[in-house]
Every structure is written in C-alpha cells, then in structure tokens.
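*Asks:* In my numbering, the protein residues as written are 5 to 328. Beta carbons are placed, not taken as given, at the ideal position from N, Cα and C, and that holds for glycine. Predicted model only: the values in this text are computed from it and were never measured. Mind having a look at this structure? Questions to follow.
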C-alpha cells in the first residue's frame with residue numbers, strides 16, 4: 005500500500021470514526037450498543053438516531069464533499085490559490101436567492117431551495133464572468149470581481165433581513181451555516197447533483213493539470229481552454245449552490261480543503277480531488293459535531309466554527325502569496 009492509498013484509507017477510517025462519535029454524543033449521550041441496535045432494529049431511540057443524527061451526519065458529509073470539490077475546480081480554473089466559491093461571490097448569489105425565498109415564502113418546501121440557489125449562483129457567476137472579461141481578462145481580475153460581488157451580495161442579504169424582521173430567525177439560522185433541523189428530505193435534492201458532478205470533475209482533472217501550465221500550452225496540447233473554463237465553472241457553481249441551499253453558507257471549506265489536500269498529495273487534480281473531498285467532509289462533520297456538543301442543548305452554527313478556523317488560514321495565505 006503506497007502513501008496515497010494510506011491517506012485515502014486513513015481518511016475514510018477517520019470519517020467513519022467521527023460519524024460514529026457524532027451518533028453517540030449529543031444533548032443525550034448514547035451507548036455504542038444502543039446506537040447499533042437502533043440502527044438495525046429501531047427502538048426507543050429511533051427518532052434521535054435514525055431521524056435526527058444520521059441524516060444530519062450524511063448531509064454534513066455530502067455538503068463537505070460538494071464545497072471541497074467546488075473549491076478545487078474554482079482554484080484550478082482561476083489558477084489562484086486564494087479563490088473559493090464563498091470568496092468569489094458564488095455562495096453569496098446562491099445565499100441571496102435562497103434567503104429571499106425563505107423570507108418571502110417561509111413555507112417553501114426543501115426540494116425547491118436547491119433550484120432557487122442554483123439560479124442565484126449561476127446569475128452571480130454570469131455577472132462575475134462578464135465583468136471579468138471586460139478589458140484585459142485574467143484570473144486575477146476574475147478573483148477581484150468575485151470578491152467585490154461577494155461583498156455586494158452580503159449587503160443585499162443584510163438589507164433583506166432588515167425589511168423582513170418577522171421571518172428573520174429562520175433565515176439567520178440558515179445564513180450562519182447551521183445543520184439544525186436537517187432531515188432526510190434535504191438529502192434527496194442534493195444527492196443527484198453530487199453523484200453527477202463529482203465524477204464529472206475527475207473527467208476534467210487532467211485538463212486542469214494542463215491548464216495550470218498556461219492557456220497557450222494547454223491549447224497546444226489539445227485542450228479547448230474556453231470549453232474547459234465553462235464546464236469547470238458551471239460544475240463549481242452548481243456544487244456550491246446546492247450545498248449552500250441545504251445548510252446555508254459554511255465558509256472557508258472550499259478554500260481550506262483544496263489547500264490541505266495539495267499539501268498532502270501535490271498538485272495533480274486526479275489525486276487532489278478525492279483527498280479534498282475527504283478533508284471537506286471531515287471539516288463540516290467535525291464542525292457540526294462540535295457545534296452540537298460544546299454547550300448542549302444549545303447549538304452553535306457549524307459555519308461559525310469553520311470561519312474561526314478558516315479566517316486565520318486565509319490571512320496566512322494572503323501573507324504567503326502577497327495577495328495573489
């Protein structure tokens with residue numbers, strides 16, 4: 005077993021261990037025997053295990069994978085180590101659309117949120133793309149426009165919260181990146197997108213490796229760079245948008261996971277993608293598990309914990325790369 009296989013095996017083992025701990029610990033701590041018996045046969049703790057903790061664990065893993073793969077694609081196509089869906093305005097666009105619906109139509113079904121978030125994410129991405137292509141297009145310009153758009157969209161969300169004070173509680177829980185109250189109904193709208201787009205990202209992997217050498221070099225080696233950029237950005241936007249629709253804006257996962265994966269396995273996207281997906285799942289699941297257990301029965305939003313971890317790391321990256 006080589007080092008890469010050891011990393012994959014160790015990551016999966018760690019994820020399963022963390023998932024088991026998340027099933028056991030909470031406002032009510034359960035024994036291992038109780039958890040196993042309830043998983044297979046139901047019983048007195050059936051609601052807590054099978055209808056509260058288990059779907060929440062699965063959602064945390066899926067959202068972590070979606071945000072991490074979206075971050076890998078975003079950084080790969082922009083060729084900027086500071087790029088991520090939340091910093092580039094994509095998560096903000098999805099968040100604004102979903103927040104608008106939650107405030108105006110608070111009883112909307114969970115199945116519609118990914119659709120609305122996709123429209124918002126794609127709209128923000130289209131505006132960012134058009135503005136970045138105006139006069140001397142470059143990855144740096146795309147990143148700058150994305151950061152400016154993210155700030156603008158955050159202001160729009162704050163404005164909506166001010167003019168809809170009655171419905172603000174449900175929106176605030178969602179905006180801070182909380183998995184509270186997430187059930188099986190939130191998994192089914194998310195799962196088809198991940199089952200389609202995560203494998204598709206592996207199809208783009210070697211093309212992104214060549215694209216990292218420069219557009220001229222990639223085209224000389226047979227890569228249609230314009231088509232690659234469109235496919236990668238659309239995939240990244242879709243993954244980030246549906247993830248945001250399910251549990252709100254969990255910041256910095258799309259930035260941290262690709263970086264940590266590259267530190268472990270280098271820059272080849274074929275190797276980075278699985279490790280980044282594991283790291284993203286571990287980040288979101290560990291943040292949610294801590295959020296449930298730090299001060300039970302109260303819960304912290306998982307997005308608060310990822311921000312506490314991610315913000316200092318982003319400042320470190322800014323210093324390391326001198327802004328770019």
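#1: Using the Cα positions of residue 172 and residue 120, report the straight-line distance between them to the nearest angstrom.
#2: I need the straight-line Cα distance from residue 254 to residue 93, nearest angstrom please.
#3: So, is residue 163 buried or exposed, given that buried needs 16 or more other C-beta atoms within 10 angstroms?
#4: Answer yes or no: do residue 72 and residue 257 have a C-beta to C-beta separation smaller than 8 Å?
#5: Looking at the secondary structure, which residues open and close the alpha helix (DSSP H) in which residue 79 lies?
#6: Start and end of the alpha helix (DSSP H) containing residue 117?
#7: Have a look at residue 245 and residue 292 and give me their C-alpha separation to the nearest angstrom.
#8: Applying the 10 Å Cβ sphere with the 16-neighbour rule, what's the burial state of residue 79?
#9: Along the chain, where does the alpha helix (DSSP H) containing residue 281 start, and where does it finish?
#10: Short of 6 Å in beta carbon distance, which residues of its chain neighbour residue 165, apart from the five on each side in sequence? Order them along the chain.
#11: Would you say residue 178 and residue 242 are within 8 Å of each other, going by their C-beta atoms?
#12: Considering only their Cβ atoms, is the gap separating residue 97 from residue 136 smaller than 8 Å?
#13: Once you ignore the five residues that flank residue 65 on each side, which residues in its own chain have a CB closer than 8 Å to its CB?
#14: What alpha helix (DSSP H) runs, 4 residues minimum, are completely inside the stretch 205–266?
#15: Between which two residues does the alpha helix (DSSP H) holding residue 42 run?
#16: Should residue 48 be labelled buried (16 or more other beta-carbon atoms within 10 Å of its own) or exposed?
#17: Could you give the DSSP three-state label for residue 158: helix, strand or coil?
#18: Please report the residue range of the alpha helix (DSSP H) in which residue 8 lies.
#19: Rounded to whole angstroms, what's the CA-CA distance from residue 278 to residue 32? Just pull it up for me.
*Replies:* Put simply:
#1: Numbered from 1 along the chain shown, position 168 holds the residue referred to as residue 172. Numbered from 1 along the chain shown, position 116 holds the residue referred to as residue 120. CA-CA distance, residue 172 to residue 120, rounds to 19 Å.
#2: Position 250 of the chain shown, counted from the start, is the residue given in the question as residue 254. Position 89 of the chain shown, counted from the start, is the residue given in the question as residue 93. Computed Cα separation, rounded: 13 Å.
#3: By one-based count along the chain shown, residue 163 stands at place 159. When all chains shown are included, residue 163 counts as exposed.
#4: Taking the first residue of the chain shown as position 1, residue 72 is located at position 68. Taking the first residue of the chain shown as position 1, residue 257 is located at position 253. A contact, by the Cβ cut-off of 8 Å.
#5: The residue you call residue 79 lines up with position 75 of the chain shown. Segment 58–82, the alpha helix (DSSP H) holding residue 79.
#6: Stepping through the chain shown from its first residue, residue 117 is reached at position 113. First-last of the alpha helix (DSSP H) with residue 117: 117–136.
#7: Within the chain shown, the letter at position 241 stands for residue 245. Within the chain shown, the letter at position 288 stands for residue 292. Near 20 Å, if we compare the C-alpha coordinates of residue 292 and residue 245.
#8: Within the chain shown, residue 79 is the residue found at index 75, counting from 1. Looking at its Cβ environment, which holds 16 or more other Cβ atoms inside 10 Å, residue 79 is buried.
#9: The count along the chain shown starts at 1 and reaches residue 281 at position 277. Counting along the chain, the alpha helix (DSSP H) containing residue 281 begins and ends at 273–297.
#10: As a position in the chain shown, residue 165 is number 161, starting the count at 1. Cβ within range, chain order: 172.
#11: Here residue 178 is taken as the residue at index 174 of the chain shown, counted from 1. Here residue 242 is taken as the residue at index 238 of the chain shown, counted from 1. No, the Cβ-Cβ distance between residue 178 and residue 242 is not below 8 Å.
#12: As a position in the chain shown, residue 136 is number 132, starting the count at 1. As a position in the chain shown, residue 97 is number 93, starting the count at 1. Contact: no.
#13: Here residue 65 refers to the residue found at position 61 of the chain shown. Here the set comprises 19, 23, 285, 288 and 289.
#14: Annotation: the stretch 205–266 contains the following complete segments of the alpha helix (DSSP H) (minimum length 4 residues), in chain order: 209–215, 219–224 and 229–251.
#15: Working through the chain shown from its first residue, we reach residue 42 at position 38. First-last of the alpha helix (DSSP H) with residue 42: 36–45.
#16: Position 44 of the chain shown, counted from the start, is the residue given in the question as residue 48. Counting Cβ neighbours within 10 Å, residue 48 comes out exposed, since fewer than 16 surround it.
#17: The sequence position of residue 158 within the chain shown is 154, counting from 1. In the structure shown, the three-state DSSP call for residue 158 is helix.
#18: For the purposes of this step, residue 8 is taken as residue 4 along the chain shown, with counting starting at 1. Judged by DSSP secondary structure, residue 8 falls within the alpha helix (DSSP H) whose first and last residues are 7–28.
#19: For the purposes of this step, residue 278 is taken as the residue at position 274 of the chain shown. For the purposes of this step, residue 32 is taken as the residue at position 28 of the chain shown. Each residue's Cα considered, the two are about 34 Å apart.
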